[in-house]
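Going by the numbering used here, the sequence shown opens with residue 216, and the numbers climb by one from there.
Heads up, the beta-carbon is just placed ideally off N, CA and C, and yes, glycines get one too.
These numbers come from a predicted model, not from an experiment.
Everything below concerns the one structure shown next.
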Amino acid sequence: MSPGDITRLTQSITEKDRQALLRLRSEKIGKMELCAVDSTSRSAYGSSLADIRWGHNKENIALAQTNEVVVYTLSNHMPIYYMSFPGNIPDSRTMGVIQSDLRCAGFMNYVMITDRGYGTVQILEDNILHGQPAIMCMKTGHKFISDKIDSLGDFNVRPDGMEIDLDSKLYYKQYDIDYKVHGNGKSEKAASKMRLNLFFNPSWRSEGQINIDMKVEGQRSCLQKMLEGKEEAPDDETLKKDFCMFDVKLDKKRHVISFEKNEKKHNDSLRLLGFVAIVTLGLDLTAPQALAHYKLRDEQEKYFQQMKTEMCSDRQRNWSEDGKTGRLFILFVGLVIGSYIRHIWKTTGLHSMFASSLDMLDEMRNIRCIERQGHTTKITPFVGKQVEIAKAFGLDIPAGCEPGYKSKKVGRKRGRPKKNES
């Protein structure tokens, strides 16, 4: 296609087409299907699109970006939803829009799995109000979580009352949580089957304590040099950020007079080390089951790797708002097809025949369809592993392309031949 044809095609695809596609995708998921959401940044060289903004670039590139969100199932790892956001919006601020858009597109009776980037109290309470089943990894600093950690008391190796999970090699404990949320007006809604699953790893705690001790010692060393050299301290915001473990006193010339370790902040950092919290809503799961379901979302990184490498979409190449909707639509369809190909490769005997789905596709590249005006279309033969690939995908090999050949010779009829056939 010429560049002009591509532009006209992408600009002809509208939000209405996107919603129609999402409704079709909603019909492909089963009841209480496990789904996960994650985002990635796509860097952009231009600035013509409204969504291109400076933000946390996940590729660590000094470029403005857009944030692309994908929701996918965990049973067969198929993408079911996509959306684009401005590059300066954090993940936690996008979840409300995503959930609302999913409901409008007809997605019902699914379980949403989110990582700590989406684990805010606002998202938790929104899930409770809408009766949305969820598995949420949340920061241990939230009060209802830290209170449970404090209730475990002091310990040496592990807290008393925690059990060991043989598969993950983590200690765990599950709590039933009574949580009510204010709805419209004076109404209240209680969380359905809300459970807090606490996990603990002593090695994480030891490693975290080493990192905190190094952080404290590094900040102390820098402050001591500033004190002895009578250097001017940075602005208040930088001082608070770079020397967060100390209380620093300055004179009028912003020279360091004294500094003292903030024991409360230091102790607060230590008491939560080694713990991971997963909250479940509307589900009857044990703590090990909740962790096993959450671990399934690790497949997400392969989607974004596939999008940025195999599909050559690592940069935002839209230059007009009119074409952005169409290009994202085509990219999502390509991601669905690519994910299906990868799923077939991974779940059939093709996995042992090819190192990757790309190697499998390379095996099929030499098949050609030859068309000449006024002549019958010809397809080159299927040979070797190409036959196994076609079988795995349920494809019928075109007539005449099979590896075996059946003779077309007409057999002799029985009986006396006619006189004119002598």
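Closest by C-alpha distance to residue i, when choosing among the options
i	options	result
A235	L317, M216, T222, A277	L317
M579	E586, G589, S567, I594	I594
F415	Q434, K408, L487	L487
P374	V625, G489, I552	G489
F493	K246, K445, T355	The sequence shown places Ile at residue 493, rather than the Phe named in the question. The shortest C-alpha separation from I493 is found at T355.
L485	T501, S361, K395	S361
I313	Y297, K623, K624, I328	Y297
F370	P417, V625, D232, R238	P417
M409	I392, K401, I425, W419	I392
R257	K243, N272, T329	N272
Cut-off 6 Å between Cβ atoms - residues of its own chain near residue i, not counting five sequence neighbours on either side
i	result
I612	F597, A605
P503	D380
E475	D462
S572	I556, R557, W560
P301	D266, R268
E586	T592
V431	M460
V491	F414
Coil, strand or helix - residue i by DSSP
i	result
S262	coil
I338	helix
M579	helix
A570	coil
H397	strand
F415	strand
A349	strand
I244	coil
H357	coil
F544	helix
H438	Here residue 438 is Leu; the residue named in the question, His, does not match the sequence. Residue state, collapsed to three classes: helix.
E452	helix
V372	coil
V598	coil
N275	coil
E230	helix
D330	coil
T255	strand
R530	strand
N282	strand
K388	strand
S421	helix
H470	strand
C250	strand
A405	strand
Y298	Tyr is not the amino acid found at residue 298; the sequence shown has Met there. Three-state result, M298: strand.
A492	strand
D316	helix
L344	helix
I379	strand
L487	coil
Straight-line Cα distance separating residue j from residue i
i	j	result
D466	N482	28 Å
P223	I545	First, the amino acid is wrong: residue 223 is Arg here, not Pro. The alpha-carbon atoms of R223 and I545 are separated by roughly 13 Å.
V463	L454	9 Å
T335	I582	52 Å
Q226	G541	6 Å
G589	K539	41 Å
M209	E452	Here the chain comprises residues numbered 216 to 637, so residue 209 is not present and cannot be evaluated.
M429	E422	11 Å
L638	S436	In the structure displayed, the chain extends from 216 to 637; residue 638 sits before or after that span and is not available.
L442	G433	14 Å
E283	A277	18 Å
I552	I228	19 Å
R240	R627	56 Å
E378	F458	38 Å
G376	F359	19 Å
P218	A259	20 Å
S407	P449	49 Å
E230	K440	59 Å
H508	E447	52 Å
A349	E536	34 Å
Same chain only: Cβ atoms within 7 Å of residue i, ignoring 5 sequence neighbours per side
i	result
K510	none
N477	M460, F461, D462
N303	R268, W269, G270
F608	I559
Proximal residues to residue i (C-beta, below 8 Å), its chain only, five neighbours per side dropped
i	result
M568	M575, K600, E603
Y333	V252, D306, S307, M310, M351
G398	L344, K404
L506	D380, S383, L385, Y387, N412, F414, I493
S299	D266, T281, N282, E283, V284, K539, L543
Inter-stretch contact at 8 Å, needing at least 3 Cβ pairs: the stretch 382–397 / the stretch 307–325: Result no; under three Cβ-Cβ pairs closer than 8 Å.
Meets three-Cβ-pair contact criterion under 8 Å: the stretch 260–268 and the stretch 528–540: Verdict: yes, contact present.
Contact between the stretch 336–344 and the stretch 360–372 (3+ Cβ pairs under 8 Å): Using a Cβ-Cβ distance cut-off of 8 Å, the stretch 336–344 and the stretch 360–372 are not in contact, since fewer than three pairs of beta carbons, one from each stretch, lie closer than that value.
contact_flag[the stretch 243–256, the stretch 280–294] where n(CB pairs < 8 Å) is 3 or more: The stretch 243–256 vs the stretch 280–294: in contact.
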